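Heads up: the structure comes next, in structure tokens.
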Amino acid sequence: MLPLYAQSDSVFKNFPHAGLLFDKYLDQWVEQDNEPDSKENEKKPQIEKKVFYENVIRQYKKSESQINPALEKHLKRQAELCTNLRGAGFVATTDWRFLTGFGAAHPYEAGFVWHRTLSVPYLPGSSIKGMMRAWAEQWQEDAALRMEAEKLFGHKDTHPQQNPGALIIFDALPLVAPKLELDILTPHYQDYYLDPENNSPADYYDPVPVFFITVAPGQKLRFDLAPRPGAHPSTSEANADLKKGEKILEEALRFLGAGAKTALGYGRMLDITKPEKQDAPKPQKPLNETDLIKASALLQGKFGVSPAQNNKKGK
């Protein structure tokens, strides 16, 4: 196992991963004696949550300048892969706040999904696929398209690897590090919901605020999908399924919404734009034996081991 290179220390020191802070570094717990229950004590944890979330957002903003170059490279690679698979994509803009991973496990009971390497909120391809299936099966007016949901997205009763469906759904990523905002819920009948048998939904309960992180309105995300290699007998059939998938995805984003709390308008994306279609990149010319030797020597020298030293170690 090789040690980390010297440059890594300076990079990671100036690049706090907000997702890791959110998931792994909860520093708000304090040791205290048991206190009698009161409404004020119920509100204290919510204030601590707000402080924690504000700190995560603050650290996230500090790293935006370093997130964006890495995000741009990742999106370029994904677009090239999608093009090579004869896929398609478009950019959608959030009409209202967007909430991803709200049901994920977290000590504060309000999850949020971060990309593990890019440190940005995103929508996993599996979630997009579930949204598309729900729209096709439950809300689609076109009966023929409803019947093809199983073909496009796979059979529900089989393992995903056995029948993954005719389409590949990529993760949806923001074009740049999106703006994050704190949102708040004020449930008025918390006691009733916790114990409905002994409490009534009355108006005299004191509402307890609940804070959580969301993606702000007006943020742009890139969606990509492509025909699955080997799933179609002809190119024309692959293109037809791709068009059906695009139609389902666009309608689901407009009318159903992505992520959590879609019934309240979260996650809807109305402004959808398609970029200009690009040709697949030409394959690179394979390296000959001389080029391979030169490249190997350069890499060994870059990492502090010269070819001569390497030969001596081999002897």
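So for the sequence shown, the working numbering puts the first residue at 1; every next one is plus one. C-beta atoms are modelled at their ideal positions from N, C-alpha and C, and glycine is treated no differently. Fair warning: this is a prediction, and the values are worked out from it, not measured in the lab.
Between I67 and G125, the C-beta spacing is not below 8 angstroms. Residues F211 of the same chain have their beta carbon placed closer than 6 angstroms to that of K50, with the five preceding and five following residues left out of the count.
Judged by DSSP secondary structure, E181 falls within the beta strand (DSSP E) whose first and last residues are L180 to L185.
Here the C-alpha atom of Y25 lies approximately 11 angstroms from the C-alpha atom of N55.
Taken in chain order, the whole alpha helix (DSSP H) runs of length 4 or more contained in the region 47 to 114 are 64 to 84. Within the same chain, Cβ atoms closer than 6 angstroms to the Cβ of L253 are found at A92 and M269, the five residues on either side in sequence being excluded.
If one requires a minimum length of 4 residues, the alpha helix (DSSP H) runs lying completely within the region 150 to 227 are 190 to 194, in chain order. According to DSSP, residue pairing for L123 in a beta bridge involves A172. Scanning its chain for C-beta atoms nearer than 7 angstroms, with the 5 sequence neighbours on each side dropped, one finds around M131 the residues A252, L256 and A258, in chain order. E246 and N239 have their alpha carbons spaced roughly 10 angstroms apart. Per DSSP, reduced to three states, the secondary structure at L118 is coil, with no helix or strand assignment. By the 16-neighbour rule on beta-carbons within 10 angstroms, P178 is buried. Note on geometry: alpha-carbon atoms of W114 and P121 lie some 4 angstroms from one another. Judged by DSSP secondary structure, T262 falls outside any alpha helix (DSSP H); it is assigned neither H nor E. Here the region 90 to 108 makes contact with the region 205 to 221; the two share three or more CB pairs at distances below 8 angstroms.
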